[in-house]
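Down below is the structure, laid out as structure tokens.
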Amino acid sequence: MSSPLHPVAMPTNPIGPSSLSSSRLAYGCWRLAETESRAEEVGRPALIAAVEAGYTLFDHADIYCAGRSESLFGRLLRDMPGLRERITIATKCGIRPAGMPNADAPYRYDASAEHIVGSCEGSLRRLGIETIDIYQLHRPDYLMHPEEVAAAFDRLRSAGKVREFGVSNFRPSQVSVLKKALPFPLIVQQIEISLACLTPLEDGTLDQCLVERLTPLAWSPLGGGLLGGGSHKLLPAQEAYEVEAVNIALDATARELGCSRAVVALAWLLKHPAGIVPIVGSTDPVRIREAAWTPNVELTRDQWYRLFAAARPSRLP
Ligand code: NAP
2 MSSPLHPVAM PTNPIGPSSL SSSRLAYGCW RLAETESRAE EVGRPALIAA
52 VEAGYTLFDH ADIYCAGRSE SLFGRLLRDM PGLRERITIA TKCGIRPAGM
102 PNADAPYRYD ASAEHIVGSC EGSLRRLGIE TIDIYQLHRP DYLMHPEEVA
152 AAFDRLRSAG KVREFGVSNF RPSQVSVLKK ALPFPLIVQQ IEISLACLTP
202 LEDGTLDQCL VERLTPLAWS PLGGGLLGGG SHKLLPAQEA YEVEAVNIAL
252 DATARELGCS RAVVALAWLL KHPAGIVPIV GSTDPVRIRE AAWTPNVELT
302 RDQWYRLFAA ARPSRLP
């Protein structure tokens with residue numbers, strides 16, 4: 002299939018200390034392909050909507066929909082000549098599902114060189130590309146040897162298989178440990194941050210992003226849907242999020258600004274000086290287009306703090 006693409010331009014920013022760039026919001030491919038038929042019926046139209054709405058950073062992981070999200074994306078790249086050159090592709094490795102490759106294998110993290118290199122090759126094959134733009138460790142492996150990771154990354158970079166590297170869900174101290182072993186900079190830190198999850202504002206993660214020039218990529222920027230129109234699937238920790246008060250405050254700001262609650266929640270992230278890039282996870286073309294409007298909305302300091310106060314469990318000191 003070749004589709005006439007007329008992408009709308011979204012503002013872009015450089016990613017970390019690299020020559021790569023990203024649209025102000027990224028698009029996340031986690032929910033696209035729970036089954037093969039959903040990949041074609043829901044995932045493909047969602048991706049086309051994201052491309053046309055001007056998203057230029059696409060986030061994957063080897064485990065998303067057991068590899069089907071990457072395979073779907075690979076088919077789209079084949080069907081749309083010229084798309085690859087216009088976008089930035091990020092993927093991740095390091096989480097290994099239970100039962101793979103042996104029936105009794107536990108759910109675990111794996112930052113061994115063997116797993117990093119093997120998983121990267123699998124992602125390249127499914128995506129059908131020569132080089133991954135940003136390769137991220139999905140979660141910090143408790144058994145990670147920084148020098149071993151550095152050697153694996155170096156090998157992938159020297160072989161032209163990866164341009165730049167990043168991490169996800171690392172504590173600031175874990176970023177520092179890995180950074181010390183690497184001969185080149187990390188460029189992204191992918192974290193859960195939203196008005197439903199404020200931790201990175203308080204634990205030094207965003208401060209470190211500012212100091213180290215790591216671009217923060219925000220996963221679940223709508224709390225998995227809790228700050229939008231509801232959720233299909235939450236991660237276990239998200240089940241406990243209490244968002245009633247913040248949703249009331251979001252609705253009030255949305256009325257002031259004449260936009261949707263979701264756009265206000267995303268604009269709240271864009272306001273932070275670290276240059277947070279929210280990763281939009283909707284599979285609905287209407288919502289994907291709506292979210293792309295967010296860079297046109299600028300919250301005032303008062304609006305930002307009103308939402309922050311509503312989201313916090315206690316009053317600001
Ligand atoms: P999200 O944007 O917080 O949640 C998306 C979910 O919210 C979808 O199920 C969507 O349903 C629903 N939703 C309800 N109202 C919405 C609205 N008005 N606008 C948009 N969506 C609305 O993000 P997420 O999907 O949880 O995560 C986004 C991306 O982050 C993932 O695709 C993945 O790339 C990345 N991620 C990374 C990690 C990590 O550990 N690094 C973990 C989780 C996710 P519809 O599809 O029906 O719109």
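FYI, in this note's numbering the residues of the sequence shown are 2 to 318.
The beta-carbon is built from N, C-alpha and C at its ideal position, and this holds for glycine as well.
Check: Residues that DSSP places opposite Asp-60 in a beta bridge; Outcome: Gly-29 and Ala-91
Check: Opening and closing residue of the alpha helix (DSSP H) in which Tyr-242 lies; Outcome: Taken as a continuous stretch (DSSP letters only), Tyr-242 belongs to no alpha helix (DSSP H), as it is neither H nor E.
Check: Residue interval of the beta strand (DSSP E) (run including Glu-193); Outcome: 187-193
Check: Buried or exposed (CB count within 10 angstroms, at least 16 for buried), Ile-249; Outcome: exposed
Check: Classification of His-61 by the beta-carbon crowding that lies within 10 angstroms, buried from 16 upward; Outcome: buried
Check: Nearest-angstrom Cα separation, counted from Thr-301 out to Leu-187; Outcome: 32 Å
Check: Cβ shell of Gly-167 (< 7 Å), same chain only, five flanking positions each side left out; Outcome: Ile-135, Gln-137, Leu-187, Ile-188, Val-189, Gln-190 and Gln-191
Check: Exposure of Gln-304, with buried meaning 16 or more beta-carbon neighbours within 10 Å; Outcome: buried
Check: N-terminal and C-terminal residue of the alpha helix (DSSP H) that Phe-74 is part of; Outcome: 69-80
Check: Contact check, Val-163 vs Ile-133, beta carbons under 7 Å; Outcome: yes
Check: Near the ligand NAP: Pro-222 beta-carbon under 6 Å from a heavy atom; Outcome: yes
Check: First through last residue of the alpha helix (DSSP H) which encompasses Ser-49; Outcome: Per the sequence shown, the amino acid found at residue 49 is Ile instead of Ser. Note, Ile-49: alpha helix (DSSP H), 45-53.
Check: Leu-223 in three-state terms, based on DSSP; Outcome: coil
Check: Separation of Arg-127 from Leu-41, as counted between CA atoms; Outcome: This sequence places Glu at residue 41; Leu is not what is there. Their Cα atoms are separated by approximately 16 Å.
Check: Ala-263 beta carbon near the ligand NAP (any heavy atom closer than 6 Å); Outcome: yes
Check: Own chain residues within Cβ distance below 7 Å of Glu-165, not counting five before or after; Outcome: Ser-19, Leu-21, Asp-134, Ile-135 and Ile-188
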